[in-house]
Structure formats: structure tokens, C-alpha cells
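Number 118 in this note's numbering belongs to position 104 of the sequence shown; there are no gaps in the numbering.
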Amino acid sequence: MADMADKVVRWGILSTAAIAARAFIPALRQTQRGQLMAVASRSQEKGALFARQHDIPLIFGDYASLLASDQIDAVYNPLPNALHAEWTALAARHGKQVFCEKPLALNPAQARQMVEACRQAGVLLFEAFVFLYHPQTLKLRQLLEEGAIGPLVQVQAQMTFPLVRPTDNIRMNKELGGGSLMDVGCYPITFARFAFGAEPLSVQAACRMDPDYGVDTRAGILLNFDGERFATLQTGFDAPGGQGAVLFGEKGYLEVPKPYHPGEHSQIVLHRGDKEEIFSFDTGTMPFAPALEHFHACILDGTTPIATAASADGTLEIIEAVRESSRSGRRVELSAG
């Protein structure tokens, strides 16, 4: 890695994925200690165009060459879900810090293998649920810990949107890890786990399956945390609706209109009796930026991570259980139970 005194993390991107251009690169350039050095693409033409468009100095014709480069400290992995494990493991073997798109893997076992590969290599592995590092989420955690609404008893959360051009969209590709649960369902599931600070004991769910592509396009999910605390989740990419969450406690409730993608301006609304208090967050940065700043601090300063990918297998276990519950029409017990 570059001399720590330089206080810069040199980044490479695996592929020219749209999310890299839309979300990662603008956010990285809003940070103080990240430098975009390289992109790797299996298409020379796409790689060259992407590099010109985003002022990236180095272009690699394959992912392995980028990972082997001593000019790279960290990699962003926005590859299709089915390719996360292979290239994250190779990145770890080359000593690269890894910021991997969500969901981390195709299944819990694969996620655990990725976590172990990075642990053995002594590198960080973050999963790109960037909301976990956002000031809004940190405040939400504080409010819950301080008992602002009393003991938390129920979470309602959703993430839905209408998919454009579904026939040629990677989200509809079963072999590459497509489906609404893997694309957007992982958000409310991860949010519920965060809110309760615990793992659910069982799942009941129903999914709508696309008959042509064999992937789920919407789901309704009930997570049972201990027989008295529940999360009800709605997710899908075949209808409008957007994002949102409400957290109910014994003494009040919290509204979070933009829990997963807060943007530059967001808020939490605390309701207790007839009183309302609004907490506003005007970061002026892209959603990825706080997560990347924290990632840099963990690498350069030894800061303890707020969250890592170590528990990513929990969300993937729930996704598998949602599918099984929908197929069987029965409640599915989870390992935490």
C-alpha cells in the first residue's frame, strides 16, 4: 500500500458497471482520502471509454491484472452477484481491501467463505449497504439505544420500484443471482436486523415468481424475532412505491422516509404522544460518501468498523428462507432459533 503518511487509498474498479459511474465514482470524489486509479474491463473499447469519461489514469484488460497491480490498495466490486465470491477472494489473496456490492454472495456459505478469505488475508471486506454508515442511521441507532420510543416491538419497511426494460436486465437473470429479493429485498431485511440488533427466529413469506425468467419479482415477508417482536417487509421491482420504514416502540414511533438511500437531504421523525420532533440530515454528499470515508479511516487510521460484511450470511439465510416459505406455504425456522 502507499505510504501511510500519504493518507490516500488508491482505488480500482472491477468492470464498467452503471452503478460505479452513477453512485461510486461521484461519492469517492467527494471524500478526502480516496484516489481513483484504475478500471478493469474485459472489453477494451468499454474500458477506454469509461476511463475517458471519468478521468481514470489506468485501464486493465482483465480483472486479475488490476488485482495484481501494486498501484491499487482497494477495489470496488460491482460485478453481478454470481461473480462476487470469485473476484473478492482473488482480491484478498493480492492483499487488496474490498468494498463489494450487495448482496455479498449468492448464499450464506459463499458469504462466509468470502469473509474468511479476507480475514486470513488481513484485509477489510465491506458490503455496500452504505446506509449503515450514514449520519441518519447513526442517529437512528442512538435514538433506539436511548429508548426514545421505548422498547422496539415492530418494524415496517419497504423497498419497491418498477423495473425498466426487464427482458434484458441483469436483475431478471437467475444464473447471475437475479430477482427482487437479491436486488432490493436485501435492504429492508438488513434494516430490520440492524433495528432490532438481533437475528429473527423464523420467516413466513409469499413471493410472486416470473413464469418466464424464474426469478421473484415481489415478496411480502414476516420476520419473527422472539414471538413478541416482528418485522413486516414489502419488496419488489414490478410496482412503484419507493422506500420507507416505520419503527414502533412501546412509547412512540420513528418514521424514516428514506432509510436506505438518504440522498443529500433526509430526516427522521420522532412521534411520542402528541409531540413530534424532526431530525434533519443535510450531508451535501452522495450516499456512498460517508461509507467510503469510514472505509478509508479503517484502513489508514485503524478505526474500528461500524459494520463489516461479517454478518452478511444472515441476510442471505433469510432470503433463502423467504423462498422456501413461499414454495411450501409454511413458516421456516432460522438458525438463530
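Even for Gly, the Cβ is constructed at its ideal location relative to N, Cα and C. Every value quoted in this text rests on a predicted model; they were computed, and no experiment measured them.
- Among Gly-199, Gln-111 and Asp-296, which has the Cα closest to the Cα of Leu-28? One-based indexing of the sequence shown puts residue 28 at position 14. Ranked by Cα distance from Leu-28, the first of Gly-199, Gln-111 and Asp-296 is Gln-111.
- Residue environment, Gly-192, which counts as buried when at least 16 other CB atoms sit within 10 Å: Looking up residue 192 in the sequence shown gives position 178. Buried, because 16 or more other Cβ atoms sit within 10 Å of the Cβ of Gly-192.
- Item | Meets three-Cβ-pair contact criterion under 8 Å: the region 289-299 and the region 115-122 | They do not touch, by the three-pair rule.
- Item | Distance between Lys-265 and Asn-183 (C-alpha atoms, nearest Å) | Reading the sequence shown from its first residue, position 169 is the one you call residue 183. Reading the sequence shown from its first residue, position 251 is the one you call residue 265. Rounded to whole angstroms, Asn-183 and Lys-265 show a C-alpha spacing of 44 Å.
- Runs of beta strand (DSSP E) lying entirely within the region 39-99, each at least 3 residues, in chain order: 48-54, 72-74 and 88-91, all fully within the region 39-99.
- Give the C-beta separation of Asp-226 and Ser-194 to the nearest angstrom, bearing in mind that I take them to be a contact with Cβ-Cβ under 8 Å. Residue 226 sits at position 212 when you count from the first residue of the sequence shown. Residue 194 sits at position 180 when you count from the first residue of the sequence shown. Not really, about 15 Å apart at Cβ, beyond 8 Å.
- Query: So which of Gln-150, Asn-187 and Pro-202 has the shortest CA-CA distance to Met-173?
  - Reply: On the sequence shown, position 159 is the one that residue 173 refers to. The shortest C-alpha separation from Met-173 is found at Pro-202.
- Span separating the alpha-carbon of Pro-319 from that of Thr-204: Start at 1 with the first residue of the sequence shown, and residue 319 comes out as number 305. Start at 1 with the first residue of the sequence shown, and residue 204 comes out as number 190. Cα to Cα, Pro-319 sits roughly 17 Å from Thr-204.
- Message: So the candidates are Ile-332, Ile-86 and Asp-76; which of them puts its Cα closest to the Cα of Arg-24?
- Response: As a working mapping, residue 24 is identified with position 10 in the sequence shown. Comparing alpha carbon positions, the residue from Ile-332, Ile-86 and Asp-76 closest to Arg-24 is Ile-86.
- Of the residues Arg-207, Ala-88 and Val-53, which one's Cα is nearest the Cα of Ala-35? Taking the first residue of the sequence shown as 1, we reach residue 35 at position 21. Measuring C-alpha to C-alpha distances from Ala-35 to each of Arg-207, Ala-88 and Val-53 identifies Val-53 as the nearest.
- Message: Using 8 Å for Cβ pairs, my map puts Gln-168 next to Arg-243. What's the rounded Cβ distance?
- Response: Within the sequence shown, residue 168 is the residue found at index 154, counting from 1. Within the sequence shown, residue 243 is the residue found at index 229, counting from 1. At roughly 7 Å, the Cβ-Cβ gap stays under 8 Å, so Gln-168 and Arg-243 are in contact.
- Query: Per DSSP, Ile-332 forms a beta bridge with which residues?
  - Reply: Taking the sequence shown and counting its residues from 1, the one referred to as residue 332 is at position 318. None, per the DSSP bridge assignment.
- Message: Just list the residues that DSSP pairs Lys-289 with in beta bridges.
- Response: Position 275 of the sequence shown, counted from the start, is the residue given in the question as residue 289. In the DSSP output, where bridge partners are listed per residue, Lys-289 has Arg-286.
- Query: Any idea what DSSP makes of Asp-315, helix, strand or coil?
  - Reply: For the purposes of this step, residue 315 is identified with residue 301 of the sequence shown, where counting begins at 1. Asp-315: helix per DSSP, three-state reduction.
- Counted within 10 angstroms of its Cβ, other Cβ atoms place Asn-91 as buried (16 or more) or exposed: Your numbering for residue 91 matches position 77 in the sequence shown. With 16 or more Cβ atoms within 10 Å of its Cβ, Asn-91 is classed as buried.
- Message: Quick check: is any heavy atom of the ligand COA less than 7 Å from the C-beta of Pro-71?
- Response: Ligands displayed in this structure: none; no statement on the ligand COA is therefore possible.
- Continuous alpha helix (DSSP H) stretch holding Tyr-201: start and end: In the sequence shown, counting from the first residue as 1, residue 201 sits at position 187. The continuous alpha helix (DSSP H) containing Tyr-201 extends over residues 200-210.
- Would you please state the rounded distance, in angstroms, between the beta carbons of Gly-109 and Phe-175? I believe it to be under 8 Å. Taking the sequence shown and counting its residues from 1, one reaches residue 109 at position 95. Taking the sequence shown and counting its residues from 1, one reaches residue 175 at position 161. In fact, because the Cβ distance is near 38 Å, the residues do not count as touching under 8 Å.
- Task: Let me know if Ala-253 comes out buried or exposed under the rule of 16 or more other beta-carbons within 10 Å of its beta-carbon.
- Result: Here residue 253 corresponds to residue number 239 of the sequence shown, with the count starting at 1. Under this definition Ala-253 is an exposed residue.
- Task: Pull up the CB-CB distance for Ser-340 and Ala-220, whole angstroms please, since I reckon it's below 8 Å.
- Result: Locating residue 340 in the sequence shown gives position 326, counting from the first residue. Locating residue 220 in the sequence shown gives position 206, counting from the first residue. Ser-340 to Ala-220, Cβ: 5 Å. Contact.
- Should the region 149-163 be called in touch with the region 329-344, which here means at least 3 C-beta pairs below 8 Å? Counting C-beta pairs closer than 8 Å gives fewer than three between the region 149-163 and the region 329-344, which falls short of the contact rule.
- Where Gly-328 and Ala-99 are concerned, what is the direct C-alpha to C-alpha distance, given to the nearest angstrom? Within the sequence shown, the letter at position 314 stands for residue 328. Within the sequence shown, the letter at position 85 stands for residue 99. Going by the C-alpha atoms only, they are around 16 Å apart.
- Item | Supposed contact pair Ala-62 and Ile-73 - C-beta distance, whole angstroms, cut 8 Å | By one-based count along the sequence shown, residue 73 stands at place 59. By one-based count along the sequence shown, residue 62 stands at place 48. With a beta-carbon spacing of about 6 Å, Ile-73 and Ala-62 fall inside the 8 Å limit used to define contacts.
- Message: In whole angstroms, give me the CA-to-CA distance for Glu-291 and Pro-271.
- Response: Numbered from 1 along the sequence shown, position 277 holds the residue referred to as residue 291. Numbered from 1 along the sequence shown, position 257 holds the residue referred to as residue 271. Their backbone Cα atoms lie some 14 Å apart in a straight line.
- Taking only runs that begin and end inside the region 136-170, name each unbroken beta strand (DSSP E) of 3 or more residues, in chain order. Complete beta strand (DSSP E) runs here, min 3: 139-141.
- Indicate whether Ala-356 and Leu-139 have their beta-carbon atoms separated by less than 8 Å. The question about residue 356 has no answer here: the residues shown for the chain are numbered 15 through 351.
- Item | For Leu-146 and Phe-208, believed in contact at Cβ under 8 Å, the rounded distance | Residue 208 sits at position 194 when you count from the first residue of the sequence shown. Residue 146 sits at position 132 when you count from the first residue of the sequence shown. About 7 Å separates the beta carbons of Phe-208 and Leu-146, which is inside the 8 Å limit, making them a contact pair.
- Message: Can you find the residues in the same chain that come closer than 7 Å, C-beta to C-beta, to Glu-141, ignoring five residues on each side of it along the sequence?
- Response: Within the sequence shown, the letter at position 127 stands for residue 141. The beta carbon of Glu-141 sits closer than 7 Å to those of Cys-114, Lys-116, Leu-118, Ala-323 and Ala-326, all from its chain and outside the five residues before and after it, given in chain order.
- Item | Terminal residues of the beta strand (DSSP E) in which Asp-230 lies | Residue numbering aside, residue 230 sits at position 216 when the sequence shown is read from its first letter. Asp-230 -> beta strand (DSSP E) spans 230-238.
- Query: What does a CB cutoff of less than 6 Å around Met-223 pick up in its chain, not counting 5 residues either side in sequence?
  - Reply: Taking the sequence shown and counting its residues from 1, one reaches residue 223 at position 209. Closer than 6 Å at Cβ, skipping near neighbours: Asp-230.
- Would you kindly report the start and end of the unbroken beta strand (DSSP E) that includes Glu-269? Position 255 of the sequence shown, counted from the first residue, corresponds to residue 269. If you look at Glu-269, you'll find it in the beta strand (DSSP E) that goes 267-270.
- Task: Could you tell me whether the Cβ atoms of Leu-330 and Asn-121 are closer together than 8 Å?
- Result: Within the sequence shown, numbered from 1, the residue matching residue 330 stands at position 316. Within the sequence shown, numbered from 1, the residue matching residue 121 stands at position 107. Yes, the Cβ-Cβ distance between Leu-330 and Asn-121 is below 8 Å.
- Query: Since Met-223 is in the beta strand (DSSP E), which residue starts that stretch and which ends it?
  - Reply: Residue numbering aside, residue 223 sits at position 209 when the sequence shown is read from its first letter. Segment 216-223, the beta strand (DSSP E) holding Met-223.
- Query: In whole angstroms, what is the alpha-carbon distance linking Gly-161 and Trp-101?
  - Reply: Your numbering for residue 161 matches position 147 in the sequence shown. Your numbering for residue 101 matches position 87 in the sequence shown. Straight across, the Cα-Cα distance linking Gly-161 with Trp-101 is about 42 Å.
- Using the rule of at least 16 other Cβ atoms within 10 Å of the residue's Cβ for burial, across every protein chain shown, is Val-129 buried or exposed? Indexing the sequence shown from 1 puts residue 129 at position 115. With 16 or more Cβ atoms within 10 Å of its Cβ, Val-129 is classed as buried.
- So is His-364 buried or exposed if we call it buried at 16+ other beta carbons inside 10 Å? Look at the range of the chain in this structure, 15 to 351, and you will see that residue 364 is not part of it.
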